[in-house]
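S.K.: Have a look at this one.
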Amino acid sequence: MESSNGTFNLRRKRRKRLGMILAGVLFLATIFGVVVLVTLLVDVITTGISWLDGSFLTRFPSRNPEEAGIKSALVGSLWLMGLTALISVPLGVASAVYLEEYAKDGWFLRFIQINIANLAGVPSVVYGMLGLALFVRFAGFENSLLAGALTLSLLILPIIIISTQEALRGIPSGLRESAYALGATRWQVIRSHVLPMAAPGIFTGVILASSRAIGETAPLILVGALTFIPFLPRGAMDQFTALPIQIFNWTARPQDEFRSLAAAAIIVLMILLFTMNLSAILLRNYFEDRRAGA
Amino acid sequence: MSTEPSPTLDAPADDRPQDDLTQQVYNSPKERAIKYLLGACALVSVLTTIGIAAVLVIESIPFFQNVALAEFFGDTRWTPQFANKHFGIWALLSGTVLVTVISAVVALPIGLASAIFISEYAVPWMRQILKPGLELLAGVPTVVYGYFALTFVTPLLQTFIPGLGVYNALSGGIVVGIMIIPMVASLSEDALQAVPDSLGQAAYALGATKFETVVRVDVPAAFSGIMASFILAVSRAIGETMIVTLAAGATPRMTLNPAESIQTMTAFIVQVSKGDTPQGTIVYQSIFAVGLVLFLITLVMNIIANRITLHYQERY
């Protein structure tokens, strides 16, 4: 009796120790991602920081690395992001409102939902081919900002729809019902109650989707964003370049100077992205706390 | 899906008088117009799918008029730029498969381990660092990963593997793997969170240790969700473009040697479209045929993964 108890205790100790060791392995695997992220950032910053000064932002691209800058790429990216948001946010929010607040449960709704989930998994380069055939050639928009923005809009539409749907689902149904009880119509309920309540959630999703759009490269190459644009676009129909395109072009060159320029441009892009992501995360946390407190 | 206000408001019975005020307001032309307008917006996503399929099929018809399906699927050489042109998709497909397998070897174990740790072990303050950390990793643009692969990972690998070329499948594959870790981690974590606590508690009651419970009860219970996350992540790896364009090379060939320069389907599409290939040439048309193959593969994988996800969501 005594000895079998002893064996059990001994084995239990061993099992626990094994579990601890393997949990340590899990921990190491988990921080691997964070370590890579830090490595990437340190690598980019140490390579690019010396090239990054005020004039880097205000100079046009050049064949001479000493004189090259990202003015047209940065302005192009901001144009793209603005146009893309202008197109995709109303479309995406309207789609989500329809799916959550209007559509009746049935095969059609399920079909649209499955379709959106699948669209979210279509490779971005395929969206580029759609944009090339549909907007650049068929609609005749050429290699314009508009063609690029429309392509990116379709690309991020599923993300906006899905996050807006989640935000709408988080609104308690009692809120809708109390408004209906006062005689409000469906649209009045949505406009004055549901959408304002869901706004922070929708906004968070929009920021995350925009940060996806601003980093996309492949679709823009397909729709013909050019690498060498020594002028600023003045309208949606102008030719353009964008930060990711400029980074790609500089990285693909064999000379070290251009790779350093790429690193400097990456720093600018990452600052933009981190600002957007951080504001989305903070916004979400702020409203989660506020809602939990209420 | 929709929250019905009440049966009487939503669907007025036929015997209600037509001058009923409630019905008039509720079914007013304005209300109906808004409903159809919103519905039209929802249709855009369906039209996008139809558009993608139509464009890829229509644009690749001229290609298949010149290249027989038997050659496309039978040849192992892809040499559109040579005088003696060959269009055998296997040369590009094998490049894609090679990169995808390498990325899966990196991402699936690390992603699953991260999911298990975050879901079962991490104390709240660790979660608060790790989850946003992974989200930031997921937010890094692929072109930045491509830069990282070419200028950091490849030189690092060259110190271990003498003679490794500047462009190789290994570096690209590893970095694609790093890119999809957050996806595996977050979707697998959702699956693990969906497992009821009672299962784990039953295991503890039988004397299992924490690790035994996690590995032999929680993970198997979340198995289908974890599989779905694997499939979605692999599908993402197949469609990844910029990393492989920058780091894996531009030499389509059938090889399983990760140290060699290869070309993926996506990298070929980019190579042609950024060059000066004139419209209407067979090389230009070929990108749509390659795009069609890429689209079909990823579509099938996404459909399978989404089906699995729906299935396991219904189970608990």
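Protein chains in written order, with this note's numbering: chain A, 1 to 294; chain B, 295 to 610. Positions of the beta carbon are idealized from the N, C-alpha and C atoms, including for glycine. Computed from a predicted model, the values in this text were never measured in an experiment.
Chain A beta carbons: is any one of them nearer than 8 Å to that of residue 407 of chain B?
M.R.: Within the second sequence, residue 407 of chain B is the residue found at index 113, counting from 1. True, the Cβ-Cβ gap to chain A drops below 8 Å.
S.K.: Tell me the rounded alpha-carbon separation between residue 295 of chain B and residue 59 of chain A.
M.R.: Counting from one through the second sequence, the residue named residue 295 of chain B turns up at place 1. Counting from one through the first sequence, the residue named residue 59 of chain A turns up at place 59. Because the pLDDT at residue 295 of chain B is just 47, under 50, the model does not fix this residue reliably, and the point stays unresolved.
S.K.: Give me the chain B residues within the contact set of residue 118 of chain A, using Cβ-Cβ distance strictly less than 8 Å, ordered along the chain.
M.R.: Indexing the first sequence from 1 puts residue 118 of chain A at position 118. Correct list: 343, 593, 596, 597 and 600.
S.K.: Step through the CB atoms of chain B and report whether any lies within less than 8 Å of the CB of residue 1 of chain A.
M.R.: Here residue 1 of chain A is taken as the residue at index 1 of the first sequence, counted from 1. Reliability fails at residue 1 of chain A, whose pLDDT of 48 lies under 50, so the model's placement of it is uncertain and the value that follows must be treated cautiously. For residue 1 of chain A, the answer is no, since every Cβ of chain B falls outside 8 Å of its Cβ.
S.K.: State the start and end residues of the unbroken alpha helix (DSSP H) segment that holds residue 390 of chain B.
M.R.: Working through the second sequence from its first residue, we reach residue 390 of chain B at position 96. Residues 384 to 410.
S.K.: Which residues in the same chain have their Cβ closer than 6 Å to the Cβ of residue 389 of chain B, if we skip the five residues on either side of it in sequence?
M.R.: Position 95 of the second sequence, counting from 1, holds the residue named residue 389 of chain B. Correct list, in chain order: 556, 557 and 558.
S.K.: Output, in sequence order along the chain, the residues in the segment 187 to 210 of chain A whose CB is closer than 7 Å to any CB in chain B.
M.R.: Within the segment 187 to 210 of chain A, the qualifying residues are 187.
S.K.: Name the one or two DSSP bridge partners that residue 372 of chain B has.
M.R.: Start at 1 with the first residue of the second sequence, and residue 372 of chain B comes out as number 78. For residue 372 of chain B, which the question treats as bridged, DSSP gives the partners B:381.
S.K.: Going by CA-CA distance only, name the one from A:20, A:10 and A:7 that's closest to residue 262 of chain B.
M.R.: No statement about residue 262 of chain B is possible, as the shown extent of chain B runs from 295 to 610 and does not include it.
S.K.: Quick one: which unbroken alpha helix (DSSP H) runs of 4-plus residues sit fully inside the segment 507 to 552 of chain B? Chain order, please.
M.R.: Runs of the alpha helix (DSSP H) inside the segment 507 to 552 of chain B: 517 to 533 and 536 to 541.
S.K.: Does the CB of residue 294 of chain A have a neighbour CB from chain B at under 8 Å?
M.R.: Here residue 294 of chain A is taken as the residue at index 294 of the first sequence, counted from 1. For residue 294 of chain A, the predicted model reports a pLDDT of 46, less than 50, meaning its position is unreliable; a value from the coordinates is still stated below. Answer no: the Cβ-Cβ gap between residue 294 of chain A and chain B never drops below 8 Å.
S.K.: Tell me the rounded alpha-carbon separation between residue 70 of chain A and residue 521 of chain B.
M.R.: If you number the first sequence from 1, residue 70 of chain A lands on position 70. If you number the second sequence from 1, residue 521 of chain B lands on position 227. Cα-Cα distance, rounded: 43 Å.
S.K.: Step through the CB atoms of chain B and report whether any lies within less than 8 Å of the CB of residue 159 of chain A.
M.R.: Working through the first sequence from its first residue, we reach residue 159 of chain A at position 159. Not an interface residue.
S.K.: What residue range does the alpha helix (DSSP H) around residue 462 of chain B cover?
M.R.: Working through the second sequence from its first residue, we reach residue 462 of chain B at position 168. Premise fails: residue 462 of chain B is in no alpha helix (DSSP H) and is neither H nor E.
S.K.: Is the beta carbon of residue 526 of chain B closer than 8 Å to that of residue 205 of chain A?
M.R.: As a working note, residue 205 of chain A is residue 205 in the first sequence. As a working note, residue 526 of chain B is residue 232 in the second sequence. Cβ atoms of residue 205 of chain A and residue 526 of chain B: not closer than 8 Å.
S.K.: State the beta-bridge partners of residue 239 of chain A as determined by DSSP.
M.R.: For the purposes of this step, residue 239 of chain A is identified with residue 239 of the first sequence, where counting begins at 1. Paired residue(s): A:144.
S.K.: Give me the subset of the segment 435 to 450 of chain B whose CB atoms are less than 7 Å from a CB atom of chain A, sorted by chain position.
M.R.: Under the 7 Å Cβ criterion, the segment 435 to 450 of chain B contributes 435, 436, 437, 438, 440, 441, 442, 444, 445 and 446.
S.K.: Could you work out which residue in B:425, B:533, B:515 and B:466 is closest to residue 219 of chain A when comparing CA atoms only?
M.R.: Along the first sequence, read from residue 1 onward, the residue named residue 219 of chain A stands at position 219. Per the Cα distances, B:533.
S.K.: Considering only C-alpha positions, which residue in the set A:63, A:53, A:187 and A:113 is nearest to residue 323 of chain B?
M.R.: Residue 323 of chain B sits at position 29 when you count from the first residue of the second sequence. Per the Cα distances, A:187.
S.K.: Mind checking if residue 554 of chain B is an interface residue toward chain A, Cβ cutoff 8 Å exclusive?
M.R.: Sequence index remark: in the second sequence, residue 554 of chain B carries index 260 (1-based). Not closer than 8 Å to any Cβ of chain A, the Cβ of residue 554 of chain B fails to qualify, so no.
S.K.: Which residues in the same chain as residue 23 of chain A place their Cβ atom closer than 6 Å to its Cβ, once the five residues preceding and following it in sequence are excluded?
M.R.: Taking the first sequence and counting its residues from 1, one reaches residue 23 of chain A at position 23. Here the set comprises nothing.
S.K.: Using CA atoms only, rank isn't needed, just tell me which of A:126, A:185, A:241 and A:75 is closest to residue 343 of chain B.
M.R.: If you number the second sequence from 1, residue 343 of chain B lands on position 49. When each option's Cα is compared against that of residue 343 of chain B, the closest is A:126.
S.K.: Using C-beta distances below 7 Å, list every residue in its chain close to residue 266 of chain A, excluding the 5 sequence neighbours before and after it, in chain order.
M.R.: On the first sequence, residue 266 of chain A is found 266 positions in, with the first residue counted as 1. Result list for residue 266 of chain A: 44, 48 and 247, in chain order.
S.K.: Write down the C-beta distance between residue 349 of chain B and residue 152 of chain A rounded to the nearest angstrom, noting that I regard them as a contact closer than 8 Å.
M.R.: Taking the second sequence and counting its residues from 1, the one referred to as residue 349 of chain B is at position 55. Taking the first sequence and counting its residues from 1, the one referred to as residue 152 of chain A is at position 152. Not really, about 17 Å apart at Cβ, beyond 8 Å.
S.K.: Kindly list, in the order they appear in chain B, the residues whose Cβ is closer than 8 Å to that of residue 300 of chain A.
M.R.: It is not possible to answer for residue 300 of chain A, since the shown part of chain A is limited to 1 through 294.
S.K.: Quick check on residue 43 of chain A - is its C-beta less than 8 Å from some C-beta in chain B?
M.R.: Sequence index remark: in the first sequence, residue 43 of chain A carries index 43 (1-based). It does: the Cβ of residue 43 of chain A has a partner Cβ on chain B nearer than 8 Å.
S.K.: Hey, would you say residue 240 of chain A sits closer than 8 Å to residue 182 of chain A, going by beta carbons?
M.R.: Residue 240 of chain A sits at position 240 when you count from the first residue of the first sequence. Residue 182 of chain A sits at position 182 when you count from the first residue of the first sequence. Against a cut-off of 8 Å, the Cβ pair of residue 182 of chain A and residue 240 of chain A comes out as no contact.
S.K.: What span of residues does the alpha helix (DSSP H) with residue 328 of chain B cover, start to end?
M.R.: The count along the second sequence starts at 1 and reaches residue 328 of chain B at position 34. Run containing residue 328 of chain B: 323 to 360, per the alpha helix (DSSP H) assignment.
S.K.: At the 8 Å Cβ level, is residue 16 of chain A part of the contact set with chain B, yes or no?
M.R.: The residue given as residue 16 of chain A occupies position 16 in the first sequence. Yes, residue 16 of chain A counts as interfacial toward chain B.
S.K.: Tell me the residue span of the alpha helix (DSSP H) that contains residue 59 of chain A.
M.R.: As a working mapping, residue 59 of chain A is identified with position 59 in the first sequence. Per DSSP, residue 59 of chain A belongs to no alpha helix (DSSP H) and is neither H nor E.
S.K.: Mind pulling the chain B residues with CB within less than 8 Å of residue 98 of chain A?
M.R.: Here residue 98 of chain A corresponds to residue number 98 of the first sequence, with the count starting at 1. Those are 329, 332, 333, 335 and 336, listed as they occur along chain B.
S.K.: Between which two residues does the alpha helix (DSSP H) holding residue 108 of chain A run?
M.R.: Counted from its first residue, the first sequence places residue 108 of chain A at position 108. Counting along the chain, the alpha helix (DSSP H) containing residue 108 of chain A begins and ends at 107 to 119.
S.K.: Counting pairs of beta carbons, one from the segment 345 to 359 of chain B and one from the segment 577 to 592 of chain B, are three or more of them closer than 8 Å?
M.R.: Output reads yes: the segment 577 to 592 of chain B touches the segment 345 to 359 of chain B.
S.K.: What's the C-alpha gap between residue 562 of chain B and residue 159 of chain A?
M.R.: Stepping through the second sequence from its first residue, residue 562 of chain B is reached at position 268. Stepping through the first sequence from its first residue, residue 159 of chain A is reached at position 159. Taking the straight line from one Cα to the other gives about 27 Å.
S.K.: Of all the options B:328, B:325 and B:431, which has the alpha carbon lying nearest to the alpha carbon of residue 39 of chain A?
M.R.: Locating residue 39 of chain A in the first sequence gives position 39, where the first residue counts as 1. Ranking the options by Cα distance to residue 39 of chain A, first place goes to B:431.
S.K.: Within its chain, find whatever has a CB closer than 7 Å to the CB of residue 443 of chain B; leave out the 5 residues flanking it on each side and keep chain order.
M.R.: If you number the second sequence from 1, residue 443 of chain B lands on position 149. Correct list, in chain order: 465, 466, 469, 537, 540 and 541.
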